[in-house]
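Participant: Have a look at this one.
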Amino acid sequence: MEAYDELLRWTSKQGIEVHGIEAKRIPGRGIGIVASKDLKANERLIYVPAASLRTLTTVRPEIRKALPPPAPKYKGTPVHALLAAELLLETPTIKKKYAPWHAVVPTRDDILSTLPLAWPTSDHEKLHSLLPYAARAHLTKQKAKFEKDWQLTRDVLLPKLSLSPKGRYSKQEFLYHWLLVNTRTFYHETPATERLTKDDKMALQPVADLLNHSDEGCEVVFDTGCYTISADREYKQGEEVYICYGTHSNDFLMVEYGFCPEENKWDEVCIDEVVLEEMSTARKKWLDGRDFLGKYLIDERNLTGCYRTRVALMLLCTSRGQWERWVDEGEDGGEEVQKMVDRIMVRVLEKYLKRCMEAIGELEGCGPSGEMVLKRWRQIERLVEKSLEELKVEDN
Numbered sequence: 001m002e003a004y005d006e007l008l009r010w011t012s013k014q015g016i017e018v019h020g021i022e023a024k025r026i027p028g029r030g031i032g033i034v035a036s037k038d039l040k041a042n043e044r045l046i047y048v049p050a051a052s053l054r055t056l057t058t059v060r061p062e063i064r065k066a067l068p069p070p071a072p073k074y075k076g077t078p079v080h081a082l083l084a085a086e087l088l089l090e091t092p093t094i095k096k097k098y099a100p101w102h103a104v105v106p107t108r109d110d111i112l113s114t115l116p117l118a119w120p121t122s123d124h125e126k127l128h129s130l131l132p133y134a135a136r137a138h139l140t141k142q143k144a145k146f147e148k149d150w151q152l153t154r155d156v157l158l159p160k161l162s163l164s165p166k167g168r169y170s171k172q173e174f175l176y177h178w179l180l181v182n183t184r185t186f187y188h189e190t191p192a193t194e195r196l197t198k199d200d201k202m203a204l205q206p207v208a209d210l211l212n213h214s215d216e217g218c219e220v221v222f223d224t225g226c227y228t229i230s231a232d233r234e235y236k237q238g239e240e241v242y243i244c245y246g247t248h249s250n251d252f253l254m255v256e257y258g259f260c261p262e263e264n265k266w267d268e269v270c271i272d273e274v275v276l277e278e279m280s281t282a283r284k285k286w287l288d289g290r291d292f293l294g295k296y297l298i299d300e301r302n303l304t305g306c307y308r309t310r311v312a313l314m315l316l317c318t319s320r321g322q323w324e325r326w327v328d329e330g331e332d333g334g335e336e337v338q339k340m341v342d343r344i345m346v347r348v349l350e351k352y353l354k355r356c357m358e359a360i361g362e363l364e365g366c367g368p369s370g371e372m373v374l375k376r377w378r379q380i381e382r383l384v385e386k387s388l389e390e391l392k393v394e395d396n
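The sequence shown finishes on residue 396 if you use UniProt numbering, and the numbering steps up by one all the way, no holes.
Have a look at this one:
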């Protein structure tokens, strides 16, 4: 019997109900969920009672007591850290209870080879430096969160439990469990977490975490009593069933989950680096003062640049006073100013396209981790080329 079949048998004993779906190994995608029969729209597929979730309240008391409790405004110990510590410190009894789940989650090799935060030291410096700007910025924030959680675990939790941060309790082991939590939790609010930050409202739930991501997917609904997942449309038998992990760009998905989908209607490319290179120190200060510094994007819906991008570039076409009047009045400066903005966008994007090509050249032949980054840069290259085509058409 396959491990995922055993998981489905186990979940039924936990009160979890599964209807019309089954777990299968999908080439190139690991384990996923497919329809075991034709499904109707709105048909309930998975029901997970709250008692089957692993949340803040299910973390063992000795772990919770050893660390400062979670608190609003990112104070105390993050729930992410507590859940990771719970997995790291599982007792034989708990490990046996969740053995069917452990048998299907990604292995250490899977996690540590696909997620940028865990890339081996021998690879990470070059690959991290070659990440696109948005991915690199997100990875920096993710690394800071992990280091804070590891410091709490190493300096507070392990000493109180008379354990050494080595071997099975090492930083690398904590990283594996921290990333398991990061990639497999669902948003879940309870009375115990309602005052906490959004990042602290998370839960692990067996079976549901086998669903792969798509930019559109099944309806996920929760309350204090249960989680339910229902079909968003009709599915034919054998068709893969998805959920949407959120309206995220491919840079975010690559850093958080270790994949870069070909189709993603929420994808966008951040061009902060090349736009800000056009700005003097004074102009950056003016932009910051009006909350227009950074977050400059292009996407399929905004090929000539998002609103923030075009407002920022208008500052290069006029005086500060006139620009601020346009901002106050919601004006775009008129046709001539917009043509000037288009020409600046062409210059900026041609510079960025050159960087895309340089990154692609450096990444070719960099191994499995490099292949994912290479794929991302090629996606960016295609979008930038499409934007340039659109801008040049409008300029004629």
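The beta-carbon is built from N, C-alpha and C at its ideal position, and this holds for glycine as well.
These figures come from a predicted structure and were not determined experimentally.
So alanine 35 and glycine 20 are in contact, right, with Cβ under 8 Å, and what is the actual spacing, rounded?
Facilitator: 6 Å
Participant: Take glycine 217 and list the residues in its own chain whose beta-carbon comes closer than 7 Å to its own, dropping the five residues that flank it on each side.
Facilitator: Asp232, Tyr242, Ile243 and Cys244
Participant: So, does the segment 158–165 touch the segment 273–291, judging by three or more C-beta pairs under 8 Å?
Facilitator: no
Participant: My parser needs the beta strand (DSSP E) runs of 3 or more residues fully inside the segment 46–116; what are they?
Facilitator: none
Participant: Answer yes if the segment 186–206 comes into contact with the segment 23–33, meaning at least three C-beta pairs across the two stretches below 8 Å, and no otherwise.
Facilitator: no
Participant: Does the beta-carbon distance from proline 70 to leucine 53 come in below 8 Å?
Facilitator: no
Participant: Bridge partners for alanine 35 per DSSP, in chain order?
Facilitator: When beta bridges are read from the DSSP output, alanine 35 appears opposite Ile21.
Participant: Go through its chain and collect everything with a Cβ distance to histidine 177's Cβ below 6 Å, but skip five positions before and after it.
Facilitator: So the qualifying residues of the chain are Ala84, Leu87 and Leu88.
Participant: Taking only runs that begin and end inside the segment 116–168, name each unbroken alpha helix (DSSP H) of 4 or more residues, in chain order.
Facilitator: 121–129 and 133–152
Participant: Using DSSP with H/G/I as helix, E/B as strand and the rest coil, what is arginine 343?
Facilitator: helix
Participant: Determine the direct distance from the alpha carbon of tryptophan 119 to that of phenylalanine 259, and round the result to whole angstroms.
Facilitator: Between phenylalanine 259 and tryptophan 119, the alpha-carbon positions lie close to 14 Å from each other.
Participant: For the alpha helix (DSSP H) containing serine 314, list its first residue and its last residue.
Facilitator: According to the sequence provided, residue 314 is methionine. The question's serine does not apply to it. Per DSSP, methionine 314 belongs to the alpha helix (DSSP H) from 307–314.
Participant: Excluding the 5 residues preceding and the 5 following alanine 135 in the sequence, name in chain order all residues of the same chain whose CB lies nearer than 6 Å to its CB.
Facilitator: Asp251, Met254 and Val255
Participant: Quick one: any contact between the segment 345–354 and the segment 364–377, if contact means 3 or more CB pairs under 8 Å?
Facilitator: Result no; under three Cβ-Cβ pairs closer than 8 Å.
Participant: What is the rounded straight-line gap between the Cα of serine 319 and the Cα of lysine 285?
Facilitator: 14 Å
Participant: Return yes when the Cβ of alanine 50 is within less than 8 Å of the Cβ of threonine 224, no when it is not.
Facilitator: Yes, the Cβ-Cβ distance between threonine 224 and alanine 50 is below 8 Å.
Participant: Please report the Cβ distance between glycine 333 and cysteine 356, rounded to the nearest whole angstrom; I am assuming they are in contact, meaning their Cβ atoms lie under 8 Å.
Facilitator: Actually they do not touch by this definition, with Cβ atoms about 30 Å apart.
Participant: Proline 72: buried (16+ other C-beta within 10 angstroms of its C-beta) or exposed?
Facilitator: exposed
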